[in-house]
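Working notes for the structure below.
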Amino acid sequence: MGFFDALRDFSLLTWLREERQSRRLILIIVFIALLLDNMLLTVVVPIIPSYLYSVDEPVAEVVTPPTFSTSPSGTFRAIVSLYDNSTRLTNLSPQDSSWGVTLTPSPSPSPTPNTSDCPKAGEQLLNENVKVGLLFASKATVQLITNPFIGPLTNRIGYQIPMFAGFCIMFLSTLMFAFSASYTLLFLARSLQGVGSSCSSVAGMGMLASVYTNDEERGNAIGIALGGLAMGVLVGPPFGSVMYEFVGKTAPFLILAVLAVLDGALQLFVLQPSKVVPESQKGTSLMTLMKDPYILIAAGSICFANMAIAMLEPALPIWMMETMCARKWQLGVAFLPASISYLIGTNIFAVMANRMGRWLCSLIGMLLVGFSIICVPFAKDIYGLILPNFGVGFAIGMVDSSMMPIMGYLVDLRHVSVYGSVYAIADVAFCLGFAFGPSVGGAVARSIGFPWMMTIIGVVDILFAPLCYFLRSPPANEEKMAILDSNCSMRTRSYSTQGSSYQMRDDMNLESPE
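Residue numbers for the sequence shown, in my numbering: 329 to 842.
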């Protein structure tokens, strides 16, 4: 019995029970939630364009000649194309043309498998840009509509229930992706994911801002959480493309569903989402925050930086299929440099941005996004995409790791320190980029071409970059300035799921970010 008692004492449940009130465990939960949400967001990037093309590809007419007697001087045999499943008749004698059969000559005596997955360029491939763009944008559009309701809701009932609701909705969406075979069901699954993402991201970021009140620590914590987002973006496309190529469409989504169940169990044990824990003070209204010009500049940076990668996601695989004859697995691997560099950027600048100035970090990031995205169409093969995609991901990591903490800091400086609504605005900005980008980008790519579309969004990012200078030293409102001038000691709030909403600890003071 002694061995089992010792094993029980050091069990995972015991550790979780002891750490339930720890800020680190809250950070881990938010990290995992963002990881899985963004894996589902990006795992479809290499799968959907190729899958929809294979589903929508028109079946060639099967040659069915009328009744006739076979001429001894001519024979025929049917050849089934390995690419488009059409049937062709070859080796017919000239007199067979009198049967009224339209013959399709075979370019070679025997068919060869389509090893490059190179589709036939034409109207159908251009139409895929629009369909894929609308499907990708549906998630962000629904999330955009949902966010204004989730932000104030977290102020009333706390962060635990919306966080757990986000898990439940994401799990259902993942199963729908796994078993949907039509465009309509895939569109519905993607839209449903938007509701779950809204709950997880707004509640998660607001929770972190509430438990990490020190600006520098908050920046580090949000940087770590964005690392989960980056990991999801990093793993999603190559994981989806490899699984789709060698296992099938269903497999990657079933694996994500299993991981989501484990995350849900952790949330259920730690957050105890049955408890309603409202904020202790009434937060600033959403409309008041949206009228703040400094919050709008920060939100605009998030929006336009992410719009670049949002336009790239649906259009790049189709452009690669048309110009590079890329294989299925290459469609997802092409995003690997951007994912890796985003992970690097968020981790480096979570610390450095506070030292060098978050406004400057964001300004440089916006410029780098613009120049990198303009260089993407100059690639002639998949290797030529490595450097520009790396620059895009690294630059977006700079912007996100700088602007997310600034949103919380601006609320502390100019409004009431309740964070659900301001991170709803941040998520709205993110979703605007991912809603407007794919939906409009698909039509733009069809009208003026992929290179011009990349040039336009790159120029927009470069022109917006100088506005970040106004975030260099935003003024505080009069009441907040009086509080700051009094040099009163601020104590860190430790998040608790037991009883009241927060417990206070005197282990640090609030420091100025500048």
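A virtual CB, placed ideally from N, CA and C, is assigned to each residue, including glycine.
The DSSP-derived three-state label of Arg352 is helix.
If you draw a 10 Å sphere on the C-beta of Thr512, you find fewer than 16 other C-beta atoms in it, and that means exposed.
Burial check for Trp780: the Cβ neighbour count within 10 Å stays below 16, so the residue is exposed. Tyr540 and Phe464 have their C-alpha atoms spaced approximately 33 Å apart.
As the crow flies, the alpha-carbon of Ile784 is around 19 Å from that of Ala757. Annotation: the continuous alpha helix (DSSP H) that includes Asn682 extends over Leu664 to Met684. With at least 16 other beta carbons inside 10 angstroms of its own, Met731 counts as buried. The closest CA to that of Phe507, considering only Tyr379, Leu795, Phe632 and Leu596, is found on Tyr379.
Boundaries for Asn542: no alpha helix (DSSP H) harbours it, and the DSSP string shows neither H nor E there. Leu617 sits close to Val750, with the two beta carbons spaced by under 8 Å.
Here the stretch 645 to 658 does not lie against the stretch 678 to 696, with fewer than 3 beta-carbon pairs under 8 Å apart. Going by DSSP, Met649 is part of the alpha helix (DSSP H) stretching over Pro621 to Thr651. CA-CA distance, Ile473 to Gly524, rounds to 12 Å. Asn475 is the residue among Leu562, Asn475 and Ser510 whose C-alpha sits nearest the C-alpha of Cys527. For Phe492, same chain residues with a beta-carbon under 6 Å away, outside a window of 5 residues either side, are Gln595 and Pro601 in chain order.
Excluding residues up to 5 positions away in sequence, Phe632 lie with their Cβ nearer than 7 Å to the Cβ of Val788 in the same chain.
The stretch 556 to 566 and the stretch 662 to 679 touch, with no fewer than 3 CB-CB distances between them shorter than 8 Å. If the five residues before and after Phe722 are omitted, its C-beta is found closer than 6 Å to the C-beta atoms of Ser669 and Gly673, all from its own chain and listed in chain order. Thr482 sits close to Pro490, with the two beta carbons spaced by under 8 Å. Ranked by Cα distance from Tyr622, the first of Val727, Val373, Leu795 and Met367 is Leu795.
Around Gln488, the same chain offers Leu599 and Pro601 as residues with beta carbons nearer than 6 Å, after the five sequence neighbours per side are excluded.
With at least 16 other beta carbons inside 10 angstroms of its own, Asn548 counts as buried. Distance between Thr370 and Ile637, taken at the CA atoms: about 11 Å. Per DSSP, reduced to three states, the secondary structure at Ser569 is helical.
Selection Met635, Ser613, Pro642 and Asp591 evaluated against Ile376 yields Pro642 as nearest (Cα-Cα).
For the 8 Å CB-CB criterion, Met498 and Leu644 do not form a contact. A residue is called buried when at least 16 other Cβ atoms come within 10 angstroms of its Cβ; Ala593 does not meet this threshold and is exposed. The Cβ atoms of Val530 and Ala752 sit closer than 8 Å to each other. Shown here, Ala804 sits in coil according to DSSP, grouped into three states, outside any helix or strand. From the listed residues Gly786, Gly761, Val358 and Gly769, the smallest Cα separation to Ile646 is found for Gly769.
Assignment of Lys459 by DSSP, reduced to helix, strand and coil, places it in the helix class. In terms of Cβ geometry, Tyr797 and Asp543 do not form a close pair [threshold 8 Å]. For Gln595, the enclosing alpha helix (DSSP H) stretches over residues Thr578 to Val598. When DSSP states are grouped into helix, strand and coil, Val744 belongs to the coil group. If you draw a straight line from the Cα of Phe677 to the Cα of Ser801, it is about 19 Å long.
The beta carbon of Ala579 sits closer than 7 Å to the beta carbons of Met571 from its chain, once the five residues preceding and following it are set aside; these are given in chain order.
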